[in-house]
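Student:
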Ligand SMILES: *Cc1c(COP(=O)(O)O)cnc(C)c1O
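Numbering (the numbering used here), first residue to last: 7 to 372.
1. Are the CB atoms of residue 83 and residue 265 nearer to each other than 8 Å?
2. Can you look up residue 206 in the DSSP assignment and give me helix, strand or coil?
3. Any heavy atom of ligand 1 closer than 7 Å to the beta-carbon of residue 431?
4. Quick check: the Cα distance between residue 371 and residue 28, rounded to an integer number of angstroms?
5. So the candidates are 306, 97, 212 and 22; which of them puts its Cα closest to the Cα of residue 160?
6. Just verifying my parser: in three-state terms, what is the DSSP assignment at residue 370?
7. Does DSSP classify residue 170 as helix, strand or coil?
8. What's the C-alpha gap between residue 72 and residue 229?
9. Quick check on DSSP: helix, strand or coil for residue 359?
10. Determine whether the beta carbon atoms of residue 319 and residue 332 lie at a separation below 8 Å.
11. Using a Cβ-based criterion (distance less than 7 Å to any ligand heavy atom), does residue 23 qualify as near ligand 1?
12. Among the candidates 22, 13 and 10, whose CA atom is the shortest distance from the CA of residue 362?
13. What three-state label does DSSP hand residue 8 in the structure shown?
14. DSSP three-state label for residue 86, please.
15. Any chance the CB of residue 121 is under 7 Å from a heavy atom of ligand 1?
16. State the CB to CB distance for the pair residue 204 and residue 193, rounded to an integer number of angstroms; the pair is presumed to be in contact (CB under 8 Å).
17. Mapping the DSSP letters down to three states, classify residue 51 as helix, strand or coil.
18. Do residue 181 and residue 114 have their C-beta atoms closer together than 8 Å?
19. Only counting the same chain, and skipping five residues up and downstream in sequence, which positions put a Cβ closer than 7 Å to that of residue 240?
20. So is the beta-carbon of residue 111 under 7 Å away from any non-hydrogen atom of ligand 1?
21. Give me the Cβ distance between residue 18 and residue 245, rounded to the nearest whole Å; I'm assuming they're in contact under 8 Å.
22. List in chain order: all unbroken beta strand (DSSP E) runs of 3+ residues lying wholly within the region 83-149.
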């Protein structure tokens with residue numbers, strides 16, 4: 007802990023919720039911190055660095071080329087700008103006014119999510135006009151193709167636990183539809199763990215967060231064909247300028263990409279089963295281990311809160327825990343369920359979590 011944690015009155019938080027931007031993304035490895043620290047001590051030619059980092063992104067994702075960004079959100083805006091303006095300098099400098107260029111970005115309505123900000127707004131920032139196809143819980147291939155016209159710039163597919171998981175057109179169908187109509191497909195795979203899987207679907211531009219699965223600093227990346235990546239990087243002379251990535255971040259991202267997947271992640275399933283067993287003894291909690299809602303290889307401990315026995319509902323319990331510095335995954339709190347994500351939690355933090363929960367639920371022990 008740094009003295010500034012105390013001076014600023016913002017102590018480190020126990021993160022049991024996952025790789026959340028709201029909790030600072032990832033905790034960085036010593037190697038990543040060292041790379042960032044050393045990068046900070048030297049000047050470099052930034053254009054050359056960005057191009058070189060693009061090659062590293064390409065290697066990690068199995069694509070032709072890449073473009074680093076400040077995050078996946080910036081990645082959406084820049085990818086949209088790239089398909090709208092390409093490398094045409096006049097168009098790049100006129101964005102977010104797309105002029106007479108096709109600028110409609112079609113997305114399944116169930117993918118029009120809020121990840122901390124609306125996806126729609128990131129599209130607009132890049133000069134696109136979001137067009138939602140179908141309904142919130144039902145979008146077929148025909149809904150997508152029916153929306154494609156002369157004003158279409160791209161199809162956007164959001165691969166995320168935030169998106170509606172049923173009744174949606176598949177990515178394979180989306181890529182087919184894009185191919186059939188000569189329209190590029192952008193995939194927001196911000197929090198996905200498999201960096202090669204989504205470009206492998208044939209999508210043209212794929213966006214990842216660098217601060218989530220990869221474990222890098224607050225950053226992001228776009229990968230895809232050389233033509234689109236050149237267009238993405240060209241946006242740094244336009245709308246991407248206020249989203250520019252620093253040299254320290256670029257070094258940290260590359261180090262994280264090089265280290266990604268080399269360290270065994272361990273089987274969190276057994277760890278979560280043990281935790282579920284311990285917490286099941288607390289009043290008002292029913293526990294079990296559940297798989298990830300978006301199909302990633304993550305197992306979490308699920309707590310179902312019985313408000314009568316626990317003395318508060320799940321939303322309230324999550325708020326009380328957060329007030330004491332312990333943050334659970336609370337997307338499903340409205341249905342009485344809280345999740346514990348093993349990935350960002352150190353063993354001593356797991357003990358702090360158990361202690362806080364025990365203190366709150368077992369009256370008088372606090
Ligand atoms: C987290 C997230 C983003 C934003 O990512 P940042 O790297 O924080 O900008 C965008 N889309 C989805 C689906 C996300 O989960």
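Ideal Cβ placement from N, Cα and C applies to all residues, glycine included.
Tutor: This is what the structure holds:
1. no
2. Taken through DSSP and simplified to helix, strand or coil, residue 206 comes out as helix.
3. This structure does not reach residue 431, given that the chain is present from 7 up to 372, and the question cannot be answered.
4. In this prediction, residue 371 has a pLDDT of 40, which is less than 50 and means its spatial position is unreliable; what the coordinates show is noted afterwards. Going from the Cα of residue 371 to the Cα of residue 28 covers about 31 Å.
5. 212
6. Bear in mind that the predicted position of residue 370 carries a pLDDT of just 44, short of 50, making it too unreliable to give a figure here.
7. In the structure shown, residue 170 adopts coil according to DSSP, grouped into three states.
8. For residue 72 and residue 229, the gap between their C-alpha atoms comes out near 4 Å.
9. Helix.
10. The answer is no: Cβ separation not under 8 Å.
11. no
12. 22
13. coil
14. helix
15. yes
16. Contact holds; Cβ gap of about 5 Å.
17. coil
18. no
19. 93 and 98
20. no
21. Taking the Cβ atoms as the reference, residue 18 lies roughly 35 Å from residue 245, outside the contact range of under 8 Å.
22. 110-114 and 135-139
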